[in-house]
Each structure stands twice: as C-alpha cells, then as structure tokens.
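Protein chains in written order, with the numbering used here: chain A, 1 to 104; chain B, 1001 to 1104. The structure appears right after this line, and notes come after that.
Protein chains: 2
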Amino acid sequence: MLEKIQAISDPTRFAILELLRDQEMPAGKIATHFPSISRPAVSQHLRILKHNNLLWERREGTKRIYRLRPKGFYDIYQFLEEFWDPRLQKLKAVAEKEEERKRA
Amino acid sequence: MLEKIQAISDPTRFAILELLRDQEMPAGKIATHFPSISRPAVSQHLRILKHNNLLWERREGTKRIYRLRPKGFYDIYQFLEEFWDPRLQKLKAVAEKEEERKRA
DNA sequence: CTCTTCTGTAAGTTCAAACTAACATTTGAA
DNA sequence: TTCAAATGTTAGTTTGAACTTACAGAAGAG
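Right, dumping it as structure tokens:
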C-alpha cells in the first residue's frame, strides 16, 4: 500500500493522473503534455501507475490507451480512513479475532 | 499536498506514525524503536512529519513529545476523495463559478 | 556555574529512483 | 514482404532523499 501511495506522490505521475481524470488517452499523446521530459520516462511512469492499479490499459492497433482506475484511489482512501479513525481500528481488531476463532 | 502524501509514503515515517497512533512519545523513545537507523535520522523524519502537519510537538523539560495529528490524514483523505469522486468534482466546479460571479 | 540528558542541526556520503539515448517489439498499411 | 507508426525495454547517468558522523543548543540536577 505504501508503494501505491508513493506512486501517486510523484509530481509527474500525479500530473498524468490529473490529465487522465477527464479523458482516456494513448501513451504518445500523454507524453506530448510533458515536453520537458522524454517519452520513455513517461512510459515508465505509466508502467508504475498501471502496476499499482491506478490505470487501466487497453490496446487499439499500435496504440495503448490509458484510463483512470478509480478503485486504486479508493483503496488508498480507505486505507487512510482505517488508519485515522480509531473506531474503525477497533472494529477491524474485533473482526480479526473472530477470524482467529474460526481458524482454531 | 503531494509533499504531504510523499511524507507518509516513506516506510520509516509511516512506521513512526503507526507507533504514535496509540500513544504519544518523546523523540528519544521513538528512536529506540528503530535500532537499524540512527537517532538523527529519526529526528529528521519527525521534522518532515511535523512540517506536513502530521504530528504535534510539545516540550516537557528537555524532552520533545510527539503526538499524532489526525487532521493531516483527514486532509489527504479528503483530497483523494475529491480527486476520485466525479460528483464532488462537479460540485466543486459549481461552487467556484458561484464564487466568480460574486467577485464580478 | 558545571555537568548531564535530550534533542536538533550541519556537512558530507550513499543509494534508489527518475531520467536520457539507443535499441527492440508489435501492429497495420502499401 | 517491407516500411512506418506507436510504444515498450535496456543500459547507463544524474539527481534527490535518506542516512551517518560530528557538532551545537537547551533545559534541569547538583
């Protein structure tokens, strides 16, 4: 989970996510939005985002079209909620004990 | 905000936050929980967490006691919710237009 | 005062991650 | 086939963040 959080915290990667929030886009077009960095660099960022379930990839001919994957964000969102909210913490602890009793 | 997200994504810093989730603690005692890294390293992590509003600091004699600051987490949580949820996005856009009309 | 305890700060090192340049792969078109 | 377009991958470089060592400062005890 920390890896996923780190994935979105990189400025370039977050800019990519912002770009894809409103519309899906092929890799090449994404790269044109970042003239200061090379296309391979963007490609590597896309791979990281994809591996962390923050993007979907689909192929159309030679193009690879990337699309935001909301669940990835929701996972982080939920993780933080659980960390932060002590009541949820306690509920989780109870659930885990329940689980243990079942296994025993 | 990205800086804050990056702050919690470091494994050592997140471990510090986990440690402080249940109880506040002076800097020295925090450091003892991380025998593999030096005390100054922990001190630097504490500074980063403090600067990002993830920790409170209070002084007692020569000790500096650190305590979790839930709002910091809530800020990230809310930021992701807004990014992720398209309905909230639209509501925000409407609110901003409203604001503009008032200024004009 | 002086000493000790607890801690932060500064300077320099190390290492992982982001980057570039060159090459490889895949797909469709002629 | 052959070529071009779109993209990924690899190898090596660069840069920034985490780290260590050494030093500095602040607060109480004696």
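Glycine included, each C-beta is placed from N, C-alpha and C at the ideal position.
Under the 8 Å Cβ criterion, the segment 1067-1086 of chain B does not count as touching the segment 1036-1043 of chain B, having fewer than three qualifying pairs.
Listed along the chain, the chain B residues whose CB falls inside 8 Å of the CB of A:ILE48 amount to none; the nearest CB is some 13 Å away. The Cβ of B:PHE1014 sits closer than 8 Å to at least one Cβ of chain A.
Per the coordinates, the alpha-carbon of B:PRO1026 lies some 4 Å from the alpha-carbon of B:ILE1065. Taking the CA atoms as reference points, B:ARG1021 sits about 16 Å from B:ALA1007.
Following the DSSP letters along the chain, one finds B:LEU1017 inside the alpha helix (DSSP H) bounded by residues 1011-1022. In terms of beta-carbon proximity, A:PHE83 lines the interface with chain B, with at least one pair separated by less than 8 Å. The beta carbon of A:SER9 sits closer than 8 Å to some beta carbon of chain B.
Closer than 7 Å at the C-beta level to chain B, one finds these residues of the segment 67-79 of chain A: PRO70, PHE73, TYR74, ILE76, TYR77.
Excluding the 5 residues flanking it on each side, A:ASN53 has same chain C-beta neighbours closer than 7 Å at ARG69, LYS71, GLY72, in chain order.
As a beta-bridge residue in DSSP terms, A:PRO26 pairs with A:ILE65. When only Cα atoms are considered, B:GLU1057 and B:ILE1016 end up about 14 Å apart.
B:GLN1023 and B:LYS1029 have their C-alpha atoms roughly 12 Å apart. Here B:HIS1033 has LEU1019 as same chain residues with Cβ atoms under 7 Å from its own Cβ, once five neighbours each way along the sequence are excluded. Under the criterion of beta carbons closer than 8 Å, A:ARG13 and A:HIS45 qualify as touching, at roughly 5 Å.
Counting every other CB atom within 10 Å of its CB across the protein chains shown gives B:LYS1004 a total of 16 or more, marking it as buried. Against chain A, the CB of B:GLN1023 has no partner CB under 8 Å away; the residue lies outside that interface.
Checking the DSSP bridge columns, you'll see B:GLU1057 partnered with B:TYR1066. For B:ILE1048, the enclosing alpha helix (DSSP H) starts and ends at 1039-1051.
A Cβ-Cβ separation of about 6 Å places B:TYR1077 in contact with A:TYR77 under the 8 Å criterion. Counting only the Cα atoms, B:LEU1055 lies some 30 Å from A:ILE48.
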